[in-house]
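**Q** Got a structure for you, written out below as structure tokens; questions coming shortly.
In full-length UniProt numbering, the protein residues as written are 1 to 911.
Spelled out as structure tokens, the structure:
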């Protein structure tokens, strides 16, 4: 362990900008961050493809760096560790390319993977009639017609090579030949890193034509020229040639007519089974070409497991291929089901599992082509086909380096790229949240920049231009958060949207009996409230912060102050009941989150109110928290308006539409939605009513009526719909209230165009969940919920933190300690303690919070959530690097609501 001192008043100008975000700092130095090329490469190769594409557009320098061959090789090396499934869906005259994570040694718990759309390719523009699609080793895809006839088809019908990762395609020159027909196959040379196209031309139009000419074209050499080569034998070819490129050799099989060609550990293999592969099959055969010169083959027979019949069912299967981990992939031969399923047969463990591919509706497609072990390739096809001259002398050397990847150049200058902080923030504000989380781990400098408040605000401003749907799915004792792109003015041609998994929250640890309320806040945060605990979480960062109430059996509401940018919690407590479930509020308290010492403060409401003990309908809009309550003096329903910043109450008298309508945000004002006299919308509904609170002080309301379009009945059919809310573009969104369909549908009613469309939400199986909570206009927030624990470290103030969180988990690897060494100079030191190897075995799946640090420098942690039996503490000795668990017996902690623990307590006999 090393102790590092940082002067907070000195070098900050090199990593932070002034409030005006100028290009220079106050002391006149350039406000930029110099990064060695090696470090730049290490950063970018961890980003997803879309982020790299964005970074290429920043400047010529960045484009030059990200187009280099050594960066491409580095990215491919990472991609090989995370191979993907590549799926090409044919519909009419177009191909739709998708990719999905390839399951690694899947088991019975591997349920589904979500596919991501890459590009669309119109093959009718290049390929006539019958065609073939083949996958190459470097993530490229080749498309070619089975035979291209001379003079009978337009000259544009040519082979095409595509890079689905970059969304590019390149039609190749047509074969120059005097023969009647020609045929092309694709191959890859891993040594020279070239793609080559082998073309065969024939004169006769028989069923099995004889190839008379062979030509080869090498791509990426600058000039595409065709070279004649000699085969040495007279060969006939079937119209459909089965080819497989493995280790730079193109092998064409004519003997095993029923086998499927695969790559088996760098050798050609053929998979086959007796008859159709179905539930009645008992084994799978694999023949491997061990030696080409000697023409030696080996044969392997794999007996299918006992559960084969139950998993396959009545499906007829075909082989897809074999993964790098020697798992045989199979797919159904029938018309594409929804969702599409793949079957993985593990030859070593003798197991078979079924994995669903979600994220698209395959029933809309004619054919599905699937490739295993697909790699992502960031190399641009256009740049690979052109020859460019570059002068490596002079200023260009600041963006290049030698093959040895040295830190300095030949002329002795530092091999680094200086980027102004303003430019860095503009770049990162365009990256997805996961990429920003990755960049935070690069260095302390990057982490400091990406934690700045101005960067958070910049990211939020961009996120508001692309709002999302936030979906919280409840299953048993867990809450699963997903987000999906929110359709903007969708029409009948709008495609389904795919949801992305964000985080999981185990609410059983905080909410007994599963009773809780959930509310979305303005800045992408979500608040959950139960009777004893409340939790605020950020689905974008995957963090959650639980906190206990000021008193038990209370109700908490969440509000956001947009001026001071603070989240506040309003807690109401009462012991008397008014009716069956209404509680009379006797005390109001407020907690401000994000402050150094958060504590509950008692405030005065000025009125005796009661609230519904199970869940309070609430909405926070522009710093005002609205919720419904009952005035006990008049026994009438009132709308409570709580100003989050001033913490003052005001009240608005309400009518029937308020008590029964759905609360929404309408252009920064509170609104209520109803479908005529009903709170739900049906097929028979004709209108939707909207009431808007125009002025709180004057208690003025306005009413709008929207007539539903003529196609309403055809779109809704028999569904019973509930209101979700209203988007910023004034589209009313509804969802089915009955048993959840598969997939989940949302209905968008455009009040301006008077149209209604149905949009499917794909990417999860909602039939597995009990309840679904949906929020509109959700924004991604990169701000971290940081919880620091203050400790006494050898008489100095210290703060404990684990990674980016104030909590410690089973997956945690280290604990950080910051110590205030000098108060006047504001000097801090930082220490990092690596957790021991036995950490996971001792901690288990429990989430821990810091208690403090003993005088013998042992860090003490405790389990969070409901008290366990018996209660225990975790002691981490930083000197010996050991961890032990100590049980605290002698009391039943289940009888207590809260447990407070203090270390180094001394007994005092003084009266």
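C-beta atoms are modelled at their ideal positions from N, C-alpha and C, and glycine is treated no differently.
Note that the structure is a prediction, hence the values are computed from the model and not measured.
Can you name the start and end residues of the alpha helix (DSSP H) that residue 958 belongs to?
**A** A question about residue 958 goes unanswered here, because the residues of the chain that appear run from 1 up to 911.
**Q** Helix, strand or coil: which one does DSSP assign to residue 53?
**A** Reduced to three states, the DSSP call for residue 53 is helix.
**Q** With the cut-off set at 8 Å, would you say residue 518 and residue 525 are in Cβ contact?
**A** Cβ distance not < 8 Å, so residue 518 and residue 525 don't count as in contact.
**Q** With distance defined between alpha-carbon atoms, name the residue in 772, 903, 295 and 505 nearest to residue 855.
**A** The option with the nearest alpha carbon to residue 855 is 903.
**Q** Hey, would you say residue 637 sits closer than 8 Å to residue 659, going by beta carbons?
**A** Cβ atoms of residue 637 and residue 659: closer than 8 Å.
**Q** Short of 6 Å in beta carbon distance, which residues of its chain neighbour residue 602, apart from the five on each side in sequence? Order them along the chain.
**A** Excluding positions up to five away in sequence, the list reads 589.
**Q** By how many angstroms is the C-alpha of residue 538 removed from the C-alpha of residue 785?
**A** The straight-line gap from Cα to Cα measures roughly 8 Å.
**Q** Within a Cβ cutoff of 6 Å, which residues of the same chain sit near residue 168, ignoring the five residues on either side of it in sequence?
**A** So the qualifying residues of the chain are 381.
**Q** On a CA-only basis, which of 139, 743 and 666 is nearest residue 694? Give me that one, please.
**A** Ranking 139, 743 and 666 by Cα distance to residue 694 puts 666 first.
**Q** Using the beta-carbon count (16 or more within 10 Å), is residue 710 buried or exposed?
**A** So residue 710 ends up on the exposed side.
**Q** Quick one: what does DSSP say residue 909 is sitting in, helix, strand or coil?
**A** It is coil, neither helix nor strand.
**Q** Nearest by alpha-carbon distance to residue 372: which of 561, 333, 327 and 378 is it?
**A** Ranking the options by Cα distance to residue 372, first place goes to 327.
**Q** Classify residue 903 as helix, strand or coil using the three-state DSSP reduction.
**A** Correct three-state label for residue 903: coil.
**Q** Quickly, what does DSSP pair residue 682 with across the bridge? List them, please.
**A** Answer is none; residue 682 lacks a bridge partner.
**Q** Three or more beta-carbon pairs under 8 Å between the region 796 to 816 and the region 846 to 864, yes or no?
**A** Yes: the two stretches touch, three or more of their Cβ pairs being nearer than 8 Å.
**Q** Mind checking who residue 142 pairs with in its DSSP beta bridge?
**A** The partner list for residue 142 (beta bridge, DSSP) reads 134 and 161.
**Q** Can you look up residue 63 in the DSSP assignment and give me helix, strand or coil?
**A** Helix, per DSSP.
**Q** Exposed or buried, which one is residue 559 when buried takes at least 16 other CB atoms within 10 Å?
**A** Buried: at least 16 other Cβ atoms inside 10 Å.
**Q** What residues are listed by DSSP as bridge partners for residue 291?
**A** For residue 291, which the question treats as bridged, DSSP gives the partners 296.
**Q** Taking just the CA atoms, how far does residue 117 sit from residue 900?
**A** Cα to Cα, residue 900 sits roughly 51 Å from residue 117.
**Q** Just to confirm the assignment, what range does the alpha helix (DSSP H) spanning residue 818 have?
**A** That residue, residue 818, is in no alpha helix (DSSP H); its beta strand (DSSP E) goes 814 to 822.
**Q** Spatial neighbours of residue 83 within its chain, please: CB distance less than 6 Å, with the 5 preceding and 5 following residues excluded, ordered by chain position.
**A** Once the five neighbours on either side are set aside, the close Cβ partners of residue 83 are 102 and 373.
**Q** Per the DSSP calculation, residue 849 is bridged to which residue(s)?
**A** Its beta-bridge partners are 807 and 862.
**Q** Looking only at C-alpha atoms, which of 890, 61, 790 and 72 sits nearest to residue 45?
**A** Nearest C-alpha to residue 45: 72.
**Q** Which whole runs of the alpha helix (DSSP H) in the region 457 to 481 are 4 residues long or more, in chain order?
**A** For the region 457 to 481, not a single whole alpha helix (DSSP H) run of length 4 or above is found.
**Q** From residue 250 to residue 197, what does the alpha carbon distance come to, in whole angstroms?
**A** Low per-residue confidence applies at residue 250: pLDDT is 41, beneath 50, and the placement is therefore not dependable, though the value from the model is reported in the following sentence. So the two alpha carbons sit approximately 10 Å from each other.
**Q** Report the partner residues of residue 545 according to the DSSP bridge assignment.
**A** Answer by DSSP bridge pairing, in chain order: 536.
**Q** For the ligand FAD, any of its heavy atoms closer than 7 Å to the Cβ of residue 268?
**A** What this structure holds is no ligand at all, so the ligand FAD is not there to describe.
**Q** If you compare alpha carbons, which of 96, 60, 283 and 457 is closest to residue 122?
**A** Among 96, 60, 283 and 457, the Cα nearest to that of residue 122 is on 96.
**Q** Verify the CB distance criterion: does residue 818 have a CB-CB separation below 8 Å to chain D?
**A** This model lacks chain D altogether; it includes just one protein chain.
**Q** So what does DSSP say about residue 927, is it helix, strand or coil?
**A** Residue numbering for the chain in the displayed model covers 1 to 911; residue 927 lies beyond these limits and cannot be assessed.
**Q** Can you tell me whether residue 891 is buried or exposed? The criterion is at least 16 other CB atoms within 10 Å of its CB, across all chains shown.
**A** Per the 10 Å Cβ criterion, exposed.
**Q** Roughly how many angstroms separate the alpha carbons of residue 218 and residue 428, rounded to a whole number?
**A** The alpha-carbon atoms of residue 218 and residue 428 are separated by roughly 38 Å.
**Q** Short check: CB of residue 621 to CB of residue 668, under 8 Å?
**A** For residue 621 and residue 668, yes; Cβs fall inside 8 Å.
**Q** The alpha helix (DSSP H) that contains residue 712, what's its start and end?
**A** Residue 712 -> alpha helix (DSSP H) spans 712 to 716.
**Q** How about the region 648 to 655 and the region 561 to 577: do they share at least three Cβ pairs that are nearer than 8 Å?
**A** Output reads no: the region 561 to 577 does not touch the region 648 to 655.
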